[in-house]
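Report on one structure; see the data block that follows.
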Amino acid sequence: MNGFDVSQAEVPLSEIQRGGPPRDGIPALTDPEFVPPDQVPWLEDEDRVLGVHRNGVAKAYPLGIMNYHEVVNDLFAGEPIAVTYCPLCFSGLAFTAEEPDGNRLMLGVSGLLYNSAVLLYDQRSESLWSQIAAKAISGPRRGETLETVPLANTTWEAWRNEHPGTVVLSRNTDYSRNYDRDPYAEYAEDEALMFPVRFRTHGEHPKTRVLGVEIDGQARAYPLPGFADSGQHRLEHELAGESITVLIDSDGQTGRVLNEQGEEIPSLISFWFAWFAFHPETDWYEPGG
Numbered sequence: 001m002n003g004f005d006v007s008q009a010e011v012p013l014s015e016i017q018r019g020g021p022p023r024d025g026i027p028a029l030t031d032p033e034f035v036p037p038d039q040v041p042w043l044e045d046e047d048r049v050l051g052v053h054r055n056g057v058a059k060a061y062p063l064g065i066m067n068y069h070e071v072v073n074d075l076f077a078g079e080p081i082a083v084t085y086c087p088l089c090f091s092g093l094a095f096t097a098e099e100p101d102g103n104r105l106m107l108g109v110s111g112l113l114y115n116s117a118v119l120l121y122d123q124r125s126e127s128l129w130s131q132i133a134a135k136a137i138s139g140p141r142r143g144e145t146l147e148t149v150p151l152a153n154t155t156w157e158a159w160r161n162e163h164p165g166t167v168v169l170s171r172n173t174d175y176s177r178n179y180d181r182d183p184y185a186e187y188a189e190d191e192a193l194m195f196p197v198r199f200r201t202h203g204e205h206p207k208t209r210v211l212g213v214e215i216d217g218q219a220r221a222y223p224l225p226g227f228a229d230s231g232q233h234r235l236e237h238e239l240a241g242e243s244i245t246v247l248i249d250s251d252g253q254t255g256r257v258l259n260e261q262g263e264e265i266p267s268l269i270s271f272w273f274a275w276f277a278f279h280p281e282t283d284w285y286e287p288g289g
């Protein structure tokens with residue numbers, strides 16, 4: 001399927017879908033150009049970016065660019081990090097990108113989907129990796145997992161204010177794309193899904209943006225829009241017996257989760273349907289409740 005051997009996949013073959021573009025039809029970027037904030041006049045305060053701060057380096061990846069590439073194989077002070085985005089799920093995740101033997105893990109876009117979410121592939125083994133599950137579902141590395149690193153899915157204004165020394169992914173990508181056009185704008189607003197998912201939600205709008213966190217197999221979703229008027233922006237909760245602090249910004253645009261030591265732990269901002277598809281036993285926290 002798209003040139004990948006899925007005969008021994010961990011998921012039913014009927015649930016792996018062709019997304020339309022062929023393998024690498026959505027081209028990943030590798031070691032792209034970055035520019036300082038004063039060189040991105042096209043980036044508005046309210047525009048969304050993925051932000052990663054690692055090894056003393058802060059970088060912003062505008063969704064207007066990520067919509068067309070989905071993967072950036074990058075370096076943070078020499079450490080390989082893969083920054084990924086699935087527009088169908090509004091899900092951004094970053095992974096440490098080093099092979100077990102120390103070589104750099106290079107990811108690409110397979111053109112395949114599972115649960116309406118992108119399946120990545122690594123160029124060396126050609127295993128398929130579920131972005132949201134951070135796990136290989138087929139190929140020689142089937143069953144292996146990727147280590148996630150904290151990533152912010154936030155507005156440009158919020159990221160720039162928190163990280164004034166950030167650099168920004170340049171539009172000079174060597175690809176001819178209209179980065180001003182969001183091909184997913186209408187999709188993000190309506191209730192229809194383009195591809196099937198194993199578990200469907202009912203009641204809430206499937207594309208409500210949620211902050212999801214999972215600890216030891218227990219998951220919880222925090223619907224971001226509900227926090228805009230709730231007055232709740234810091235929650236002290238327990239999940240899987242662990243104390244966590246959930247921080248939501250004042251306008252319900254983004255959030256993050258800290259452990260008991262005050263360290264940020266992996267979480268995911270995505271559409272509700274996508275979180276539920278991979279975490280069907282998830283709790284739902286109602287703001288103000």
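Here the sequence shown stands for residues 1 to 289, numbered as in my numbering. Each residue gets a CB set at the ideal place from its N, CA and C atoms; glycine is no exception.
Bounding residues of the alpha helix (DSSP H) (the contiguous stretch that carries residue i)
{"i": "Phe278", "result": "Trp272 to Phe278"}
{"i": "Leu63", "result": "Leu63 to Met66"}
{"i": "Glu186", "result": "Ala185 to Glu189"}
Status (buried if at least 16 other CB within 10 Å, exposed otherwise) for residue i
{"i": "Ala185", "result": "exposed"}
{"i": "Glu70", "result": "buried"}
{"i": "Asn115", "result": "buried"}
{"i": "Thr201", "result": "buried"}
{"i": "Ser138", "result": "buried"}
{"i": "Ser176", "result": "exposed"}
{"i": "Ala136", "result": "buried"}
{"i": "Pro206", "result": "buried"}
{"i": "Ser250", "result": "exposed"}
{"i": "Gly217", "result": "exposed"}
{"i": "Thr145", "result": "exposed"}
{"i": "Glu35", "result": "With the sequence shown as reference, residue 35 is identified as Val, and Glu is not the correct amino acid for it. Answer is exposed; the Cβ neighbour count stays below 16."}
{"i": "Ala188", "result": "exposed"}
{"i": "Asn172", "result": "exposed"}
Neighbourhood of residue i by C-beta distance below 6 Å, restricted to the same chain and skipping five residues each side
{"i": "Glu260", "result": "Ser243"}
{"i": "Thr30", "result": "Asn73"}
CA nearest to the CA of residue i, picked from the options
{"i": "Gly231", "options": "Thr166, Glu286, Leu239 and Phe4", "result": "Glu286"}
{"i": "Ile215", "options": "Ala228, Ser270 and Thr282", "result": "Thr282"}
{"i": "Asn161", "options": "Arg220, Lys135 and Glu46", "result": "Glu46"}
{"i": "Arg104", "options": "Asp122, Leu88, Pro87 and Glu236", "result": "Asp122"}
{"i": "Ser270", "options": "Ala221, Ala228 and Leu258", "result": "Ala221"}
{"i": "Ser170", "options": "Lys135, Val257 and Pro62", "result": "Pro62"}
{"i": "Ala236", "options": "Glu15, Leu113, Leu247 and Asp174", "result": "In the sequence as presented, Ala is not what sits at residue 236; that position holds Glu. Residue Leu247 is the option with its Cα nearest to Glu236."}
{"i": "Ser110", "options": "Asp251, Glu263, Arg18 and His163", "result": "Arg18"}
{"i": "Glu79", "options": "Leu211, Met66, Thr96 and Asn67", "result": "Thr96"}
{"i": "Pro225", "options": "Gln8, Ala134, Ile26 and Trp272", "result": "Trp272"}
{"i": "Val14", "options": "Ala192, Val197 and Leu120", "result": "Correcting the residue type first, residue 14 is Ser in the shown sequence and not Val. Residue Val197 is the option with its Cα nearest to Ser14."}
{"i": "Trp284", "options": "Pro266, Leu107, Pro41 and Ala219", "result": "Ala219"}
{"i": "Asp101", "options": "Gly20, Ser125 and Val11", "result": "Ser125"}
{"i": "Ser7", "options": "Thr254, Arg209 and Arg142", "result": "Arg142"}
Terminal residues of the beta strand (DSSP E) in which residue i lies
{"i": "Glu242", "result": "Glu242 to Ile248"}
{"i": "Gln218", "result": "Gln218 to Pro223"}
{"i": "Ala117", "result": "Ala117 to Asp122"}
{"i": "Ala236", "result": "For the sequence presented, residue 236 should be read as Glu rather than Ala. Looking at the DSSP string, the run of the beta strand (DSSP E) that includes Glu236 is Arg234 to Leu239."}
{"i": "Tyr114", "result": "Leu107 to Tyr114"}
{"i": "Ser298", "result": "Nothing can be reported for residue 298: it is not among the residues displayed for the chain, which extend from 1 to 289."}
{"i": "Val11", "result": "Note, Val11: premise wrong, no beta strand (DSSP E); not H, not E."}
{"i": "Leu193", "result": "Unbroken run through Leu193: none, as it is neither H nor E."}
{"i": "Glu214", "result": "Arg209 to Ile215"}
Same chain only: Cβ atoms within 8 Å of residue i, ignoring 5 sequence neighbours per side
{"i": "Ala117", "result": "Cys86, Leu88, Cys89, Ser91, Ser130, Gln131, Ile132, Ala274, Ala277 and Phe278"}
{"i": "Phe76", "result": "Val52, Arg54, Asn55, Val57 and Lys59"}
{"i": "Glu44", "result": "Trp156"}
{"i": "Ile81", "result": "Val52, Arg54, Asp74, Leu75, Ala94, Phe95, Thr96, Ala97 and Val149"}
Cβ-based neighbour list, residue i, same chain, cut-off 7 Å, excluding 5 preceding and 5 following
{"i": "Pro280", "result": "Phe199"}
{"i": "Glu147", "result": "Phe95 and Thr96"}
{"i": "Ala228", "result": "Asp251 and Gly252"}
{"i": "Asp37", "result": "Correcting the residue identity first, residue 37 is Pro in this sequence and not Asp. Here the set comprises Arg160, Thr166 and Val168."}
{"i": "Val11", "result": "Tyr114 and Ile137"}
{"i": "Leu193", "result": "Ser116, Pro206 and Phe273"}
{"i": "Pro140", "result": "Ser125 and Ser127"}
Closer than 7 Å: residue i CB and nearest the ligand NAD heavy atom
{"i": "Glu157", "result": "Among the components modelled here there is no ligand, and therefore nothing to report on the ligand NAD."}
* To do: Could I get the ranges of all uninterrupted beta strand (DSSP E) runs contained in the region 129-176, with 3 residues as the minimum, in chain order?
  => As summarised for the region 129-176, the continuous beta strand (DSSP E) elements at least 3 residues long and confined to that stretch are 135-138, 152-155 and 167-169, given in chain order.
* **Length at least 3, wholly inside the region 17-78: the beta strand (DSSP E) runs in chain order** => Correct list: 48-54, 57-62 and 71-76.
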